[in-house]
Amino acid sequence: MSNIYKLRLILGLLVLVGFLQVSPVKAQSDASGEKRVTGTFAITNATVFTSPGQSQQNTTIIIKNGLIDAIGPNVSIPSNAHRIAGDSLYVYPGFIDGGSSAGVSRPKDVEKPSNFNASSPPDEVAGITPYRNVLDYFDANSNQINDWRKAGFTMGQLIPEGGMLPGKTAIVVYGHKSSSNIYKENAALVATFKGSRGMYPATILGVMAKFRDLYKNSEYTSQHANLFASNPGIRRPEKNKTLEAFYGSHDGSTPIVFAVEDDLTTRRAIRLQEELGFKLILNGVSGAYPIIPQIKDSQAAVLLTLDLPEDKSSKMEDSESDDERKARIERIKEAYQARLAEAAKFHEAGIPFGFTSQGAKVGDVRKNIRLMIENGLSEEAALAALTINAAKILGIDNYAGTLEKGKLANMVIATDSIFKEDSQIKHVFADGHMFDYETTEKKKSNGNGEPADLEGRWEYSAQSPQGDSQGLLVFRKDGEDYRGEITLDNPAGSGQITSELKNISVDGSSLRFEFNIDAGGNNITFNVSGDISGNEFDGNLVVADFGSFPMRATKQPETK
38 MSNIYKLRLI
48 LGLLVLVGFL
58 QVSPVKAQSD
68 ASGEKRVTGT
78 FAITNATVFT
88 SPGQSQQNTT
98 IIIKNGLIDA
108 IGPNVSIPSN
118 AHRIAGDSLY
128 VYPGFIDGGS
138 SAGVSRPKDV
148 EKPSNFNASS
158 PPDEVAGITP
168 YRNVLDYFDA
178 NSNQINDWRK
188 AGFTMGQLIP
198 EGGMLPGKTA
208 IVVYGHKSSS
218 NIYKENAALV
228 ATFKGSRGMY
238 PATILGVMAK
248 FRDLYKNSEY
258 TSQHANLFAS
268 NPGIRRPEKN
278 KTLEAFYGSH
288 DGSTPIVFAV
298 EDDLTTRRAI
308 RLQEELGFKL
318 ILNGVSGAYP
328 IIPQIKDSQA
338 AVLLTLDLPE
348 DKSSKMEDSE
358 SDDERKARIE
368 RIKEAYQARL
378 AEAAKFHEAG
388 IPFGFTSQGA
398 KVGDVRKNIR
408 LMIENGLSEE
418 AALAALTINA
428 AKILGIDNYA
438 GTLEKGKLAN
448 MVIATDSIFK
458 EDSQIKHVFA
468 DGHMFDYETT
478 EKKKSNGNGE
488 PADLEGRWEY
498 SAQSPQGDSQ
508 GLLVFRKDGE
518 DYRGEITLDN
528 PAGSGQITSE
538 LKNISVDGSS
548 LRFEFNIDAG
558 GNNITFNVSG
568 DISGNEFDGN
578 LVVADFGSFP
588 MRATKQPETK
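Here's what the structure looks like:
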């Protein structure tokens with residue numbers, strides 16, 4: 038599908054075809070980063086957190102050619118710099134995702150050969166593909182990258198999808214689409230405890246045995262290759278790409294990122310590390326606080342999950358329950374509180390950790406970090422996990438993780454302290470490119486001090502310089518969550534289409550959701566955020582690459 042056709046489909050919804058074809062003026066918000074007129078920026082008189090616990094008032098940052106050129110209270114501003122008034126803004130190092138699946142697709146499963154032997158299957162059939170490069174399955178233009186960047190993430194380690202040994206990671210910058218944005222290929226080897234259905238290794242213990250066997254054989258193969266290189270009389274070693282993929286892990290130059298889910302899988306990953314001696318990164322640590330001493334002794338790097346559990350105890354009625362049921366509810370509450378306090382426990386134990394976004398919803402990330410802070414984690418430690426700790430774990434702290442002269446111009450600019458509930462991200466710099474995001478004045482309540490009443494039918498209009506586009510929003514209560522859909526005129530032709538609302542989040546009067554439209558095979562994401570006051574919604578609709586536009590809705594009376 039051509040870009041022109043895609044543009045018309047999108048703008049048919051927003052009544053913007055004439056505006057963008059005639060007017061040379063772009064919308065105020067430019068989430069694509071294409072507004073870059075100069076490669077030089079000056080953020081003036083801002084509150085700058087150069088690193089966790091280190092802040093400066095009335096500070097100016099000069100960005101030039103993708104790097105931080107100068108930082109301080111009295112720096113000279115180049116005449117060609119694009120100025121950003123930072124008087125009321127807070128600047129932080131760009132967040133770093135220690136383990137990301139954003140934009141990464143899963144390779145197709147390999148067909149089983151006709152002479153298939155379940156006890157000794159080919160490596161690819163068994164999910165053993167450590168030689169794969171995640172970049173071969175990565176879409177740099179994925180809307181998921183836009184979503185995580187909007188949440189403040191400017192770099193990430195991409196984790197390949199697959200089985201027991203899915204492949205090798207890459208570290209990328211969430212920068213402009215005109216750049217490759219590749220910082221480092223084959224940064225780490227990924228391992229999981231996923232068994233292979235109907236073949237060996239099918240169980241966790243089988244996976245561990247197979248991993249030991251592969252690792253030991255890779256050491257022998259490497260030694261044989263080195264001997265052959267210096268002694269031509271020795272038999273030539275056979276090439277084996279599976280075993281060769283382990284070579285960098287023998288001397289620690291290539292760490293092994295082990296996906297873990299709980300304290301049991303964490304113990305097993307540490308056991309393999311102790312036996313074989315590789316450099317270990319534990320990815321997705323969750324519920325492992327009982328074995329913090331073992332984790333600390335192992336010196337493994339830790340990436341805590343940004344996905345927090347739901348408080349199931351709040352949905353259980355205990356007013357008329359017996360003592361046993363009450364005790365069970367209390368145990369559930371204790372386990373939930375322990376999970377919220379897990380990050381604080383790791384910090385208290387002196388274990389520097391980063392975060393992984395795998396399994397987490399982008400709309401929940403800042404809320405979940407606030408929950409960690411409310412349960413004992415300091416703001417300084419939270420910022421360290423998002424920035425310098427992650428940079429050190431990935432081995433990129435010479436270039437990222439803090440705001441210093443000569444480092445990559447990756448930063449988050451917010452309207453208030455980043456961990457405050459009302460704080461909004463206004464700008465994100467990634468690789469020196471600026472991405473703008475619309476901000477709105479936060480309303481404290483729903484006009485009467487009560488939470489927003491969302492359930493029902495809402496008539497909306499999305500405004501543009503050429504007119505309004507109208508449609509219908511429907512929200513339904515589903516337990517503690519909401520479901521819904523949006524009905525709108527079909528931008529491809531006559532009639533109407535309906536799209537499911539996703540990631541609906543209601544926090545007091547604040548409402549956020551997103552929906553997708555299939556435009557000729559291209560999945561386009563629309564993000565909506567704003568505030569509800571009584572029966573009125575006032576917010577913005579953001580379309581990646583096209584900006585942000587006002588959106589308002591009015592709740593309709595119930596009909597009997």
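Numbering-wise, our numbering comes out as the position in the sequence shown, counting from 1, plus 37. Glycine residues also receive a C-beta, built at the ideal position from the N, C-alpha and C atoms.
Inset, instruction - Buried or exposed for residue 396, please, with buried defined as at least 16 other CB atoms from any protein chain shown within 10 angstroms of its CB. - result: Position 359 of the sequence shown, counted from the first residue, corresponds to residue 396. Answer is exposed; the Cβ neighbour count stays below 16.
Legend entry - Reduced DSSP category for residue 334 - H, G, I as helix; E, B as strand; rest coil: For this step, residue 334 is matched to residue 297 along the sequence shown. Residue 334 falls in the helix class under three-state DSSP.
Inset, instruction - May I ask you to report which of helix, strand or coil DSSP gives residue 472? - result: Residue mapping note: residue 472 aligns to position 435 of the sequence shown, counting from 1. Residue 472: strand per DSSP, three-state reduction.
Legend entry - Local Cβ density within 10 Å of residue 497, reported as buried at 16 or more and exposed below that: Along the sequence shown, one-based indexing puts residue 497 at 460. Its Cβ being crowded by 16 or more others within 10 Å, residue 497 is buried.
Inset, instruction - For residue 337, collect the residues of the same chain with a Cβ closer than 6 Å to its Cβ; drop the 5 residues on either side in sequence, then sort them by chain order. - result: Position 300 of the sequence shown, counted from the start, is the residue given in the question as residue 337. Cβ neighbours of residue 337 beyond the five flanking positions: 317, 319.
Legend entry - Stretch-stretch touch, CB-based, cutoff 8 Å, three pairs: the region 120-138 with the region 229-245: no
Inset, instruction - Could I get the ranges of all uninterrupted beta strand (DSSP E) runs contained in the region 174-229, with 3 residues as the minimum, in chain order? - result: 190-195, 204-210, 219-228
Legend entry - Identity of the residues DSSP links to residue 129 by a beta bridge: Start at 1 with the first residue of the sequence shown, and residue 129 comes out as number 92. In the DSSP output, where bridge partners are listed per residue, residue 129 has 449.
Inset, instruction - Return yes when the Cβ of residue 233 is within less than 8 Å of the Cβ of residue 200, no when it is not. - result: The residue given as residue 200 occupies position 163 in the sequence shown. The residue given as residue 233 occupies position 196 in the sequence shown. Cβ atoms of residue 200 and residue 233: closer than 8 Å.
Legend entry - Own chain partners of residue 333 with C-beta closer than 8 Å, once the 5 adjacent residues on each side are dropped: In the sequence shown, residue 333 corresponds to position 296, counting from 1. 386, 387, 388.
Legend entry - Cβ shell of residue 176 (< 6 Å), same chain only, five flanking positions each side left out: Here residue 176 refers to the residue found at position 139 of the sequence shown. Here the set comprises 140.
Legend entry - Residues near residue 240 by beta carbon distance below 6 Å, same chain, minus five either side: As a working mapping, residue 240 is identified with position 203 in the sequence shown. Excluding sequence neighbours, residue 240 sits near 232.
Legend entry - Three CB pairs or more closer than 8 Å across the region 214-226 and the region 268-287: yes
Legend entry - Every unbroken beta strand (DSSP E) within the region 504-543, with a cutoff of 3 residues, ordered by chain: 504-515, 518-526
Inset, instruction - Compute the distance between the beta-carbons of residue 469 and residue 180, then report whether it is under 8 Å. - result: As a working mapping, residue 469 is identified with position 432 in the sequence shown. As a working mapping, residue 180 is identified with position 143 in the sequence shown. No; because the gap between Cβ atoms is not below 8 Å, this pair is not in contact.
Legend entry - Cα-Cα separation, residue 579 to residue 540: The residue you call residue 579 lines up with position 542 of the sequence shown. The residue you call residue 540 lines up with position 503 of the sequence shown. Using only the alpha carbons, I get a separation of about 15 Å.
Legend entry - Residues of its chain near residue 481, where Cβ-Cβ distance is below 6 Å and the 5 sequence neighbours each way are ignored: Within the sequence shown, numbered from 1, the residue matching residue 481 stands at position 444. Only weak support is given to the placement of residue 481: the predicted model assigns it a pLDDT of 45, under 50, and the question is left unresolved by the model.
Inset, instruction - Starting from the C-beta of residue 421, find all residues in its chain whose C-beta is less than 6 Å away, skip the five residues before and the five after it, and write them out in chain order. - result: Residue mapping note: residue 421 aligns to position 384 of the sequence shown, counting from 1. Only 89 meet the Cβ criterion.
Inset, instruction - Could you tell me the distance, in whole angstroms, from the CA atom of residue 416 to the CA atom of residue 457? - result: Residue numbering aside, residue 416 sits at position 379 when the sequence shown is read from its first letter. Residue numbering aside, residue 457 sits at position 420 when the sequence shown is read from its first letter. Near 10 Å, if we compare the C-alpha coordinates of residue 457 and residue 416.
Legend entry - Spatial distance of residue 532 from residue 525 (CA atoms): Within the sequence shown, the letter at position 495 stands for residue 532. Within the sequence shown, the letter at position 488 stands for residue 525. Going by the C-alpha atoms only, they are around 9 Å apart.
Legend entry - For residue 267, the three-state DSSP class (helix, strand or coil): Start at 1 with the first residue of the sequence shown, and residue 267 comes out as number 230. Helix at residue 267.
Legend entry - DSSP-derived helix/strand/coil call for residue 319: Translated into the one-based positions of the sequence shown, residue 319 becomes position 282. If DSSP states are grouped into helix, strand and coil, residue 319 belongs with the strands.
Inset, instruction - Compute the distance between the beta-carbons of residue 462 and residue 187, then report whether it is under 8 Å. - result: Counting from one through the sequence shown, the residue named residue 462 turns up at place 425. Counting from one through the sequence shown, the residue named residue 187 turns up at place 150. Result yes, Cβ atoms of residue 462 and residue 187 sit closer than 8 Å.
Inset, instruction - Please go through the same chain and pick out, in chain order, the residues whose beta-carbon is closer than 6 Å to the beta-carbon of residue 511, but skip the five residues on each side of it. - result: Here the question's residue 511 lines up with position 474 in the sequence shown. Around residue 511: 494, 521, 522.
Legend entry - residue 562, enclosing beta strand (DSSP E) - first and last residue: Counted from its first residue, the sequence shown places residue 562 at position 525. 559-570 is the span of the beta strand (DSSP E), which, as asked, contains residue 562.
Legend entry - 7 Å CB neighbourhood of residue 453 in its chain, flanking five on each side removed: To locate residue 453, count along the sequence shown from 1; it is residue 416. 127, 459, 460, listed in sequence order.
Inset, instruction - Look up residue 464 in the DSSP assignment and give the residues it is bridged to. - result: Taking the first residue of the sequence shown as 1, we reach residue 464 at position 427. In DSSP, residue 464 forms a bridge with 450, 473.
Inset, instruction - Excluding the 5 residues preceding and the 5 following residue 593 in the sequence, name in chain order all residues of the same chain whose CB lies nearer than 8 Å to its CB. - result: Along the sequence shown, one-based indexing puts residue 593 at 556. Once the five neighbours on either side are set aside, the close Cβ partners of residue 593 are 493, 494, 495, 496.
Legend entry - 8 Å CB neighbourhood of residue 81 in its chain, flanking five on each side removed: Walking along the sequence shown from the start, residue 81 turns up at place 44. So the list reads 97, 114, 120, 121, 122, 123, 124, once near-sequence residues are dropped.
Legend entry - 8 Å Cβ cutoff met for residue 300 and residue 321: Start at 1 with the first residue of the sequence shown, and residue 300 comes out as number 263. Start at 1 with the first residue of the sequence shown, and residue 321 comes out as number 284. Cβ atoms of residue 300 and residue 321: not closer than 8 Å.
Legend entry - Residue environment, residue 178, which counts as buried when at least 16 other CB atoms sit within 10 Å: Translated into the one-based positions of the sequence shown, residue 178 becomes position 141. That one is exposed.
Legend entry - Endpoints, beta strand (DSSP E) assigned at residue 88: Residue mapping note: residue 88 aligns to position 51 of the sequence shown, counting from 1. 77-88 is the extent of the beta strand (DSSP E) around residue 88.
Legend entry - residue 44, DSSP secondary structure in three states: As a first step, residue 44 is located in the sequence shown; it is residue number 7 there, counting from the start. Its pLDDT being 44, under 50, residue 44 is placed unreliably in this model, and the coordinates cannot settle the point.
Legend entry - When 117, 434, 266 are compared against residue 78, the one with the closest alpha-carbon: On the sequence shown, residue 78 is found 41 positions in, with the first residue counted as 1. Considering only alpha carbons, the answer is 117.
Legend entry - Cβ neighbour criterion (16 or more within 10 Å) applied to residue 544: Start at 1 with the first residue of the sequence shown, and residue 544 comes out as number 507. With fewer than 16 Cβ atoms within 10 Å of its Cβ, residue 544 is classed as exposed.
Legend entry - Three-way DSSP call (helix, strand, coil) for residue 593 in this model: As a position in the sequence shown, residue 593 is number 556, starting the count at 1. It is coil, neither helix nor strand.
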